[in-house]
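Taken in sequence, the protein lines are chains D and V.
Read in UniProt numbering, the first sequence has 23 at position 23, and its numbers run on one by one without any break.
Read in UniProt numbering, the second sequence has 262 at position 262, and its numbers run on one by one without any break.
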Amino acid sequence: MAPLYALGCEGSANKLGIGVISHDPETNKTKILSNIRHTFVSPPGTGFLPKDTAAHHRAHFVSVAREALKVAGLASPKDLSCICYTRGPGMGAPLTSVAVAARTLSLLWGLDLVGVNHCVGHIEMGRVITGADNPVVLYVSGGNTQVIAYAEQRYRIFGETLDIAVGNCIDRFARTLAIPNDPFPGYNVEQLAKKAFFEPDGTTKREPVLLDLPYAVKGMDCSFSGILGAADLLAAQMRKQDALLASGATLKEGEERITPEDLCFTLQETVFAMLVEITERAMAHVGSKQVLVVGGVGCNERLQEMMGLMARDRGGSVYATDERFCIDNGIMIGLAGLLAWETGFRTPFEDSTCTQRFRTDEVHIKWRTD
Amino acid sequence: MATPEPAAAIQPPPPPADSTSTHEFPLPPILQHPSAAGPAELITQGAEGRLYRTSWLTPTRLCALKHRPSKPYRHPTLDARLTRHRILSEARILQKCRREGVAVPALYGIDESQGVLSMEWVPGRPVRVEVNEFLRRRAEKYPHGEGGRGREEVTRDEEGATPLVGLMRRVGEAVGKLHKAGIVHGDLTTSNMMVRPWEKDKGPVNGHHGDGEDDNAERSLEGEIVVIDFGLASQGSADEDRAVDLYVLERAFGSTHPRAEALFTVVLEAYRNTFKTAPVVLKKLEDVRMRGRKRSMLG
């Protein structure tokens, strides 16, 4: 049997990703034919609004889809088995834009539609790329923070954030500091945090200062909104210091000078320690030694390093991918959709809706039998 | 327009070092001391600490020694702060539970600078293991396939479920007792509760006699629930915190034992009768459930 092809369309947040993937049901081999992404970047100090993001996706869908097909080099779109799109979770307006476009393609080419859970897409992509067969999954992005383990044809959520996602916490703090959103805010926070190891001259080594932030872990759940609030307060204090020093005055005796670098360093150290802790708790609970990190925050090198240190102590290993597969993309939707399609799953045209709320554990993982 | 990423060939990373081999750790200093009592055996590596079985003062008194090694991934300042805080609070809470008559291991000794806490050894197995064993036996008894129910969910009225229902009831009562004493556990899972077999010839002391059938295997579900691992516990009696505690347990239970999920209602029913404001907590639990993230908004 020849390999099957699928087109995946993702647009649940500010990334519009379209790609072509092939999967051979007999050999279980996967091949990426194209993976095109176009990101809506908002100015520093602002976030991406649903309306503008949806307009971006609408404006670029055709060119990105054409590019994806061209790079894939398929003879005809008829070679595809199905059109896969993100059904949720995500922001309503961007999801709708992409769903409408996916429907159009499905009608145009007479292909089946498959609505995909975004989180399941991340997990399946991570498993294929890294070769981790049954890991505990930490899914961390701007919209989601979940610790997941597979059991009996469901990805079950063991722990998650009780309020905002970790990526949202980092992105919003980047906004507080008015750090550029290009290529993405988390990347720039990571680079600033690395600078905390050096004096302002950029060469002399120094020990970064760990400022005081709350630490909020409840079992396998955690919370980030209080940490964001406390970090924002420290940033406000830093600006007061800036103004004071600019006016020629000096800081109070014993008051520590706060820098953006130390703030970013502290934020990363604190929230990542929480993530590693809840992941380790889930690993201890289910007795697993593999951990897979997926989602946009998953490409942070410091998080990967910390996770690696934890996994090493447990005699296991960490699996992570780079930004091509970690950050939202079309092929992950194509892959999860194609796997479902092979088991006979279809999304009838009249049901091809999207939803902002779609739990990871709602999806029946029919393609896994372990 | 951003430059399109090339479609890279998929190259899995090198396979990890044999992840099934047992991992060896250096013993904590207290167990390396020449006069350390008896050989220590690593029992489990939890998320926070490693649990050793050793003896306390006399060679026959078994003791569980919990060592919280420093976490290499954590910033040293944060690590020291968390370890110290958690070990002291765990000791304090164990003492308080003991005073209030909640079944927890007795505290023997503590050295927070070394990250070491020693306590009474609780015989028996975790509730998680017992429940899974029960489900496994059930699946063997009723192989799945046409008309089989081994893979279906357990219902409380089905034949043979009585011992499991009894265990669930005792779990609910144990949590209730804990909350009544003003303790919120913070990490309630079926791994953090032990089933301590009733003492020989004594029988259950709290009136649960007759839960078991004559089946010997089912007797392992018999026993007193001993809550362990208070590293994330706190003192408090806010309904909100108690409800979150139950919510954490409910979710952990559902994800760990999907086939026995329906029996969780038994836990809550038993909890309801343990203290005066328990019904208020259960009402609050409904709110907490609704707050869960990305719940489907049906109806």
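Ideal Cβ positions, reconstructed from N, Cα and C, are used throughout, including at glycine.
Small disclaimer: the values here were computed from a predicted structure and weren't measured.
Are the Cβ atoms of T360/D and V136/D separated by less than 8 Å?
Within the first sequence, residue 360/D is the residue found at index 360, counting from 1. Within the first sequence, residue 136/D is the residue found at index 136, counting from 1. Going by C-beta atoms, T360/D is not nearer than 8 Å to V136/D.
Would you say V248/V reaches chain D, if we count a Cβ-Cβ gap shorter than 8 Å as a contact?
Here residue 248/V refers to the residue found at position 248 of the second sequence. Interface residue, yes.
Taking a cut of 8 Å between CB atoms, which residues from the region 204 to 221 of chain D lie near chain V?
The residues in question are L210, Y215, V217, K218, G219, M220, D221.
Quick check on N192/V: does DSSP put it in helix, strand or coil?
For the purposes of this step, residue 192/V is taken as the residue at position 192 of the second sequence. Three-state DSSP puts N192/V in a helix.
For Y108/V, would you say it is in contact with chain D, using Cβ-to-Cβ distances shorter than 8 Å as the test?
Here residue 108/V refers to the residue found at position 108 when the second sequence is read from its first residue. Output row for Y108/V: interface = no.
Would you identify the three-state DSSP class for N144/D, choosing helix, strand or coil?
Here residue 144/D is taken as the residue at index 144 of the first sequence, counted from 1. Note: N144/D maps to coil in three-state DSSP.
For C82/D, which three-state DSSP category applies?
Indexing the first sequence from 1 puts residue 82/D at position 82. Residue state, collapsed to three classes: strand.
So what's N132/V in DSSP terms, helix, strand or just coil?
Translated into the one-based positions of the second sequence, residue 132/V becomes position 132. Looking at N132/V - three-state DSSP - the assignment turns out to be helix.
Looking at chain V, which residues of the region 103 to 115 of chain D have a Cβ within less than 9 Å of any of its Cβ atoms?
Answer in chain order: no residues at all.
To the nearest angstrom, how far is the alpha carbon of P183/D from that of M125/D?
Residue 183/D sits at position 183 when you count from the first residue of the first sequence. Residue 125/D sits at position 125 when you count from the first residue of the first sequence. Approximately 22 Å between the Cα atoms of the pair.
Would the region 244 to 255 of chain D and the region 129 to 149 of chain D be scored as touching if the rule is three or more Cβ pairs under 8 Å?
Judged by Cβ distances under 8 Å, the region 244 to 255 of chain D makes no contact with the region 129 to 149 of chain D, as fewer than three pairs qualify.
Contact between the region 287 to 302 of chain D and the region 93 to 112 of chain V is defined here as three or more beta-carbon pairs at a separation below 8 Å; is this criterion met?
Output reads no: the region 93 to 112 of chain V does not touch the region 287 to 302 of chain D.
Who are the neighbours of A47/V on chain D, taking C-beta pairs under 7 Å?
Here residue 47/V corresponds to residue number 47 of the second sequence, with the count starting at 1. The contacting residues are E277, E280, R281, A284.
Grab me the residues of D229/V's own chain with a C-beta within less than 6 Å of its C-beta, minus the 5 sequence neighbours each way, in chain order.
Counting from one through the second sequence, the residue named residue 229/V turns up at place 229. So the list reads N192, once near-sequence residues are dropped.
When the cut-off is 8 Å and only beta carbons count, does L117/V lie next to chain D?
For the purposes of this step, residue 117/V is taken as the residue at position 117 of the second sequence. Judged by the 8 Å Cβ criterion, L117/V is not in contact with chain D.
Answer yes or no: do G159/D and I170/D have a C-beta to C-beta separation smaller than 8 Å?
Taking the first residue of the first sequence as position 1, residue 159/D is located at position 159. Taking the first residue of the first sequence as position 1, residue 170/D is located at position 170. In this structure, I170/D does not lie closer than 8 Å to G159/D by Cβ.
Just to check my reading of the structure: L74/D and L111/D have Cβ atoms closer than 8 Å, yes? What is that Cβ distance to the nearest angstrom?
Working through the first sequence from its first residue, we reach residue 74/D at position 74. Working through the first sequence from its first residue, we reach residue 111/D at position 111. Contact flag wrong, Cβ pair sits at about 12 Å.
Taking Cβ positions, are L192/D and E269/D nearer each other than 8 Å?
As a working note, residue 192/D is residue 192 in the first sequence. As a working note, residue 269/D is residue 269 in the first sequence. No, the pair does not count as a contact, with Cβ atoms beyond the cut-off.
Compare the beta carbon distance of G88/D and N117/D with 8 Å and say whether it is the shorter of the two.
Working through the first sequence from its first residue, we reach residue 88/D at position 88. Working through the first sequence from its first residue, we reach residue 117/D at position 117. Yes.
Is any beta-carbon of chain D found at less than 8 Å from that of R74/V?
Against the second sequence, residue 74/V aligns to sequence position 74. True, the Cβ-Cβ gap to chain D drops below 8 Å.
Taking C-beta to C-beta, are S34/D and A6/D nearer than 8 Å?
Within the first sequence, numbered from 1, the residue matching residue 34/D stands at position 34. Within the first sequence, numbered from 1, the residue matching residue 6/D stands at position 6. No, the pair does not count as a contact, with Cβ atoms beyond the cut-off.
Ignore the nearest five residues each way along the sequence and tell me which others in K31/D's own chain have a CB closer than 6 Å to its CB.
Stepping through the first sequence from its first residue, residue 31/D is reached at position 31. So the qualifying residues of the chain are S22.
If you draw a straight line from the C-alpha of W121/V to the C-alpha of E362/D, how long is it?
Residue mapping note: residue 121/V aligns to position 121 of the second sequence, counting from 1. Residue mapping note: residue 362/D aligns to position 362 of the first sequence, counting from 1. If you take the alpha carbons of W121/V and E362/D, they lie about 41 Å apart.
Grab the span of the beta strand (DSSP E) containing D313/D for me, first residue to last.
Position 313 of the first sequence holds residue 313/D. Premise fails: D313/D lies in the alpha helix (DSSP H), 301 to 313, not in any beta strand (DSSP E).
When the Cα atoms are used, what is the spatial distance from E190/D to G229/D?
Against the first sequence, residue 190/D aligns to sequence position 190. Against the first sequence, residue 229/D aligns to sequence position 229. If you take the alpha carbons of E190/D and G229/D, they lie about 19 Å apart.
Could you pull out every residue in the same chain whose Cβ sits closer than 8 Å to the Cβ of F264/V, ignoring the five residues on either side in sequence?
Position 264 of the second sequence, counted from the start, is the residue given in the question as residue 264/V. Answer for F264/V: M168, E250, F253, G254, listed in chain order.
In terms of alpha-carbon separation, which member of G182/V, L82/V, G49/V, G46/V lies closest to R98/V?
Mapped onto the second sequence, residue 98/V falls at position 98. Closest by alpha carbon: G182/V.
Going by CA-CA distance only, name the one from D187/V, V175/V, E112/V that's closest to R81/V.
On the second sequence, residue 81/V is found 81 positions in, with the first residue counted as 1. Looking at the Cα atoms, E112/V is the closest of the given residues.
Ordered along the chain, which non-local residues of its own chain (more than five positions away) have a Cβ less than 7 Å from that of Q237/D?
Position 237 of the first sequence, counting from 1, holds the residue named residue 237/D. Taken in chain order, the residues that qualify are I258.
Within the chosen definition, does the region 316 to 334 of chain D reach the region 88 to 97 of chain V through at least 3 CB pairs nearer than 8 Å?
With a cut-off of 8 Å, the region 88 to 97 of chain V and the region 316 to 334 of chain D do not count as touching, because too few Cβ pairs lie within range.
Give the straight-line distance between the Cα atoms of G207/V and A260/V, rounded to the nearest whole angstrom.
Numbered from 1 along the second sequence, position 207 holds the residue referred to as residue 207/V. Numbered from 1 along the second sequence, position 260 holds the residue referred to as residue 260/V. Below a pLDDT of 50, predicted positions are generally treated as unreliable, and G207/V, at 47, falls in that range; the measurement from the model is reported next regardless. If you take the alpha carbons of G207/V and A260/V, they lie about 24 Å apart.
For R242/V, which residues from the same chain have a beta carbon less than 7 Å from its beta carbon, with the 5 sequence-adjacent residues on both sides left out?
Position 242 of the second sequence, counting from 1, holds the residue named residue 242/V. Closer than 7 Å at Cβ, skipping near neighbours: H179, V184, V281.
Hey, out of P3/D, K194/D, D242/D, Q153/D, whose CA is closest to T27/D's CA?
Position 27 of the first sequence, counting from 1, holds the residue named residue 27/D. Ranking the options by Cα distance to T27/D, first place goes to P3/D.
Give, in chain order, every unbroken run of the alpha helix (DSSP H) that is at least 4 residues long and sits entirely within the region 79 to 130 of chain D.
The region 79 to 130 of chain D contains these whole alpha helix (DSSP H) runs: 92 to 109, 118 to 130.
Let's see if you can read the secondary structure: which residues bound the alpha helix (DSSP H) around K51/D?
Position 51 of the first sequence, counted from the first residue, corresponds to residue 51/D. Start and end: 50 to 72.
Starting from the beta carbon of V244/V, find every residue of chain D whose beta carbon is closer than 7 Å, and list them in chain order.
Position 244 of the second sequence, counted from the first residue, corresponds to residue 244/V. Under the 7 Å cutoff, chain D gives K218.
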